[in-house]
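Numbering of the sequence shown is given in this note's numbering, commencing with residue 433 and proceeding in unit increments.
Below is one structure, written out as structure tokens; comments come after it.
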Amino acid sequence: MNRWLNRVAVVTGASSGIGAACCRDLLAKGMVVVGLARREHRLQELRSGLPSDQAARFHGRPCDVSSEQQVGDAFAWIDKTLGGADVLVNNAGIVRSINLTDKGNSDDVRAILDTNVLGVTWCTRQMFQSLQLRKVNDGHVVIINSVVGHKVPVLPGLSLNMYAPSKHAITALTEILRQEFINKGTQTKITSISPGVVDTEIFDKNSLEMVSSMPMLKSEDVADAVSYCIQTPPNVQIHELIIKPVGERI
């Protein structure tokens, strides 16, 4: 991780769960971290719980990644204030307890796609353009995907509705972005990390009851995977990393 000391990482969905764990881990490893999230008060709580030296390197910014304008404004602030970011962890994602065949769920369906797919698109585009303008050739984009982005399991009593298709889209999007990075002659890397079930706030009460008996990863397990992927040598790129808790059957 030495090459990332005092360089800037952006983590979306930073107010809790995997995002908060990634912020803490990257700060502990010496990076400057910008946490983006809708819940600004949770970002303030995260900062207040950090050691003083790490708190000085943490910047919480309110941002809804489903808004192209808010993403543009956030990255413009990062470029102007911190000189730009070199690592991006696309973590923000949402789940809704709906069935696609039910009436009245259009807003939820759109929200899932806007956050889980378009949010990644807006953030990665801004990040890459900033890298190009600054002539930084060794950036790294990480996308927090899911095992359901590769295979849709049958979970009795629980519909994966638009969440699973959004993660399948992320699997394809990661490969498209990798090809574009190569075609533009950059050495910037991109990695998809697909966890199994993680014990986070993403589950609502009904969904949590369904999965609570299943083996689960901790948010810190995924944060460890992020650090592992970004510290590979310049000639090594991890395309896809699938991690599951021992005993998971999905």
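Where a beta carbon is used, it is the ideal one built from N, C-alpha and C, also for glycine.
Report, in whole angstroms, the separation of the C-beta atoms of residue i and residue j, which I expect to be a contact under 8 Å.
i           : j           : result
residue 652 : residue 453 : 5 Å
residue 628 : residue 575 : That belief does not hold up - the Cβ atoms of residue 628 and residue 575 are roughly 16 Å apart, past 8 Å.
residue 475 : residue 492 : 3 Å
residue 449 : residue 664 : Contact doesn't hold; Cβ gap of about 25 Å is too wide.
residue 625 : residue 654 : 7 Å
For residue i, I'd like the list of residues in its chain whose CB is within less than 6 Å of its CB, leaving aside the five on either flank, ordered along the chain.
i           : result
residue 669 : 621
residue 546 : 498
residue 573 : 520, 556, 622
residue 537 : 530
residue 447 : 469, 471, 474, 475
Express the C-alpha separation of residue j and residue i in angstroms, rounding to a whole number.
i           : j           : result
residue 489 : residue 586 : 43 Å
residue 494 : residue 645 : 34 Å
residue 613 : residue 477 : 36 Å
residue 457 : residue 616 : 31 Å
residue 661 : residue 671 : 9 Å
residue 567 : residue 515 : 12 Å
residue 434 : residue 657 : 17 Å
residue 601 : residue 485 : 39 Å
residue 472 : residue 451 : 14 Å
Which residues does DSSP list as the beta-bridge partners of residue i?
i           : result
residue 441 : 465, 519
residue 623 : 574
residue 675 : 627
residue 492 : 467
With a CB to CB cut of under 7 Å and the five nearest residues on each side skipped, what residues in its chain are close to residue i?
i           : result
residue 558 : 503, 504, 507
residue 404 : Given a span of 433 to 682 for the chain in the structure shown, any question on residue 404 remains unanswerable.
residue 552 : 522, 575, 602, 605
residue 544 : 526, 528, 594, 595, 598
residue 487 : 479
residue 578 : 599, 626, 627
With a 10 Å radius around its C-beta and 16 neighbouring C-beta atoms as the bar for buried, classify residue i as buried or exposed.
i           : result
residue 649 : buried
residue 608 : exposed
residue 438 : exposed
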